[in-house]
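Student:
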Amino acid sequence: MKRIHATEAVELDEGAKCKLGGWLQETKNLGGIAFLKIRDRTGVFQVVVSKEEMEDSFEKTVNIPRESVVIVEGEKKDTDQTEMGFELHPISIKVETEAEKPLPLGVVDKVDAEMGTRFDNRFLDLRKREKRLIFEIRKHLLEGLRDFFSKEDFIEVNTPKIVAAGAEGGATLFDVEYYDQEAYLAQSPQLYKQMLMAAGFERVFEIAPAYRAEDFDTIRHTSEFLSVDFEMSFIESSKDIIDMTSYMIRHALSYVEEHCEKKLSELGLELEIPEYPFKKIPYRECINILKDQGWEWEEEPAIGTEEEKRLGEYVKDEFDTDFFYITEFPTEMKEGTFYAKRKEYDPSLTTYFDLEYKGQELVSGGQREHRYDILVDQMKEIGLDTEAFQIYLQTFKYGMPTHGGIGLGLDRFLQQMLDLPNIREAILFPRDTQRLEP
Ligand code: AMO
Numbered sequence: 003m004k005r006i007h008a009t010e011a012v013e014l015d016e017g018a019k020c021k022l023g024g025w026l027q028e029t030k031n032l033g034g035i036a037f038l039k040i041r042d043r044t045g046v047f048q049v050v051v052s053k054e055e056m057e058d059s060f061e062k063t064v065n066i067p068r069e070s071v072v073i074v075e076g077e078k079k080d081t082d083q084t085e086m087g088f089e090l091h092p093i094s095i096k097v098e099t100e101a102e103k104p105l106p107l108g109v110v111d112k113v114d115a116e117m118g119t120r121f122d123n124r125f126l127d128l129r130k131r132e133k134r135l136i137f138e139i140r141k142h143l144l145e146g147l148r149d150f151f152s153k154e155d156f157i158e159v160n161t162p163k164i165v166a167a168g169a170e171g172g173a174t175l176f177d178v179e180y181y182d183q184e185a186y187l188a189q190s191p192q193l194y195k196q197m198l199m200a201a202g203f204e205r206v207f208e209i210a211p212a213y214r215a216e217d218f219d220t221i222r223h224t225s226e227f228l229s230v231d232f233e234m235s236f237i238e239s240s241k242d243i244i245d246m247t248s249y250m251i252r253h254a255l256s257y258v259e260e261h262c263e264k265k266l267s268e269l270g271l272e273l274e275i276p277e278y279p280f281k282k283i284p285y286r287e288c289i290n291i292l293k294d295q296g297w298e299w300e301e302e303p304a305i306g307t308e309e310e311k312r313l314g315e316y317v318k319d320e321f322d323t324d325f326f327y328i329t330e331f332p333t334e335m336k337e338g339t340f341y342a343k344r345k346e347y348d349p350s351l352t353t354y355f356d357l358e359y360k361g362q363e364l365v366s367g368g369q370r371e372h373r374y375d376i377l378v379d380q381m382k383e384i385g386l387d388t389e390a391f392q393i394y395l396q397t398f399k400y401g402m403p404t405h406g407g408i409g410l411g412l413d414r415f416l417q418q419m420l421d422l423p424n425i426r427e428a429i430l431f432p433r434d435t436q437r438l439e440p
């Protein structure tokens, strides 16, 4: 007989024979009768074992250790005494593999263990329904994004993750031993996305890991994250990029809302699908808003984590939305990003923007400088060795259209969407300064 899921058994007629399997969550032994609660991917079902019917094997069955994998063949009986509306009266119970005792991490404990213990035993942690739901929703979020890019005629690409030069500044580069050359893990696919604009792809997107040697521990940074990037050419201005980003966000959220209605309500969540156009506030105006609120800086005013949080609260109060763009990043703020196009009317401003979601940066992007000479000048201005960027630079010499793009942190998107206290909860096996295993 083929094994089916608990939710499939729900659909069977009373008295039907079926085979279910999963992890033994709990055993309640009342002496003459015992109830086993077994969990599969879809739910927790109950198996009723009676001493009279089972005779010798009853003792063995009620002593199967928790979290062992058990396969039960039996007869379905409808009942309103269980959550799933049925119970199984077994013909056979097979212990596929027995779990050792004690478990390094409880699966049904009311109180969550410490984060470190949970992530050390992540496979057990993920047996908890509310933890797995996060990844079921993540699947739909990714699907929604791909659906959007496909509808908008973007080509999905895969660019190298072992690279010779960084895109986001040297401080967060991971070194890689690469034969006899210096190499790094890619921080962002940006330079490759740009090359593909020179190649005439016009619209590309990539969903792939990006690596940053962040040497601090925060609830929103990890050393490895999933970066969702797009790049498009023949744009008029950064407005085209902002608009595409807004459509992308709206589409992804609507997709999740549509496909995860039950899961979201189980987690007690309602999604905001922000109205188009999203709120935009220029960087300098953000600083003024903070100043008006009595915000003080020890050094030059700048927008960091705490400022973002406060601005998020301000926008929520004033405009009733969790989303807003910080636009017109000053040229000196984006000094690492030599590739940013500056505003024609004011070169002290770039066309770069961030999209904020619930007081945290979610997206970064803008229009790129596509003119070779100006690009070289901008690199020299911040003291970059243009020789080291020859391969990148030469893509600008032989016909480069106007273009721009963004990078979005997928894990952060999920974190904010589901109000998770830490980005690590949105990642199966997170990587940070402390963690390389599992
Ligand atoms: P940026 O460096 O702002 O821009 O990154 C884009 C987005 O990626 C996410 N992110 C991270 N998520 C988790 N852990 C990290 N350490 C981390 N670092 C970044 C954030 C952030 O908004 N090249 C540009 C994009 C572009 O212009 O195309 C870039 O990478 O959500």
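Residue numbers for the sequence shown follow this note's numbering, beginning at 3 and rising by one.
From the three backbone atoms N, C-alpha and C, an ideal C-beta is built for every residue, glycine too.
1. Give a yes or no on contact between the segment 173-192 and the segment 416-435, applying the rule of three or more CB pairs nearer than 8 Å.
2. Is the beta carbon of Gly-361 within less than 7 Å of some heavy atom of ligand 1?
3. Mind checking whether the beta-carbon of Glu-274 lies closer than 7 Å to any heavy atom of ligand 1?
4. Can you tell me whether Met-335 is helix, strand or coil according to DSSP?
5. Does the segment 392-409 come into contact with the segment 192-209, if we say contact requires no fewer than three beta-carbon pairs (one atom in each stretch) closer than 8 Å?
6. Does the Cβ of Lys-343 have 16 or more other Cβ atoms within 10 Å, making it buried, or fewer, making it exposed?
7. In this structure, how does DSSP classify Phe-415 when only helix, strand and coil are distinguished?
8. Report the three-state DSSP secondary structure of Phe-236 (helix, strand or coil).
9. Taking the alpha carbon of Gly-76 as the reference point, which residue from Met-56, Phe-227, Ile-66, Tyr-180 has its own alpha carbon closest?
10. Give me the residue from Val-72, Leu-90, Phe-125 with the minimum Cα distance to Ala-18.
11. Using a Cβ-Cβ cutoff of less than 8 Å, which residues in the same chain neighbour Gly-23 once the five nearest sequence positions on both sides are dropped?
12. Out of Lys-53, Ile-139, Lys-281, Asp-15, point me to the one whose CA is closest to Thr-81's CA.
13. Please indicate yes or no: does the CB of Gln-418 lie closer than 7 Å to some heavy atom of ligand 2?
14. Since Gln-362 sits in a beta bridge, which residues does DSSP pair it with?
15. Examine the Cβ distances between the segment 253-265 and the segment 146-158 and report whether three or more of them are shorter than 8 Å.
16. DSSP three-state call for Ser-59: helix, strand or coil?
17. Just list the residues that DSSP pairs Leu-228 with in beta bridges.
18. Using 8 Å as the threshold, is the C-beta distance between Tyr-359 and Phe-398 below it?
19. Within 10 Å of its beta-carbon, does Ala-304 have 16 or more other beta-carbons around it, so buried, or fewer, so exposed?
20. Let me check understanding here. Comparing Cα to Cα, which of Gly-361, Ser-240, Pro-92, Gly-385 lies closest to Glu-371?
21. Does the Cβ of Pro-276 have 16 or more other Cβ atoms within 10 Å, making it buried, or fewer, making it exposed?
22. At a cut-off of 7 Å, is Arg-214 close to ligand 1 when judged by its beta-carbon and the heavy atoms of the ligand?
23. Which residues in the same chain as Ile-289 place their Cβ atom closer than 6 Å to its Cβ, once the five residues preceding and following it in sequence are excluded?
Tutor: In this structure, then:
1. Using a Cβ-Cβ distance cut-off of 8 Å, the segment 173-192 and the segment 416-435 are not in contact, since fewer than three pairs of beta carbons, one from each stretch, lie closer than that value.
2. Not so, every heavy atom of ligand 1 lies at least 7 Å from the Cβ.
3. Using a cutoff of 7 Å, the CB of Glu-274 does not count as near ligand 1, since none of the ligand's heavy atoms is closer than that.
4. Coil, per DSSP.
5. Cβ pair count under 8 Å is three or more, so yes.
6. Only buried fits Lys-343, as 16 or more other CB atoms lie within 10 angstroms of its CB.
7. Three-state DSSP puts Phe-415 in a helix.
8. Phe-236 falls in the coil class under three-state DSSP.
9. Among Met-56, Phe-227, Ile-66, Tyr-180, the Cα nearest to that of Gly-76 belongs to Met-56.
10. Nearest C-alpha to Ala-18: Leu-90.
11. Short of 8 Å from the beta carbon of Gly-23, and not among the five residues preceding or following it, lie these beta carbons of its own chain, in chain order: Arg-5, Ile-40, Asp-42, Val-71, Val-72, Ile-73, Val-74, Glu-98.
12. Proximity to Thr-81 across Lys-53, Ile-139, Lys-281, Asp-15 peaks at Asp-15, based on C-alpha coordinates.
13. Absence of ligand 2 from the depicted structure is noted, with ligand 1 being the only ligands included.
14. Beta-bridge annotation (DSSP): Gln-362 is paired with Tyr-359.
15. Cβ pair count under 8 Å is three or more, so yes.
16. Three-state DSSP puts Ser-59 in a helix.
17. Answer is Pro-211, bridged to Leu-228.
18. For Tyr-359 and Phe-398, no; Cβs fall outside 8 Å.
19. Classification of Ala-304: exposed, given that the 10 Å Cβ count is below 16.
20. The residue among Gly-361, Ser-240, Pro-92, Gly-385 with its C-alpha nearest the C-alpha of Glu-371 is Ser-240.
21. Looking at its Cβ environment, which holds 16 or more other Cβ atoms inside 10 Å, Pro-276 is buried.
22. Look at Arg-214: its beta carbon is less than 7 Å from one of the heavy atoms in ligand 1.
23. Counting only Cβ-Cβ distances below 6 Å, and skipping sequence neighbours, we find Pro-303.
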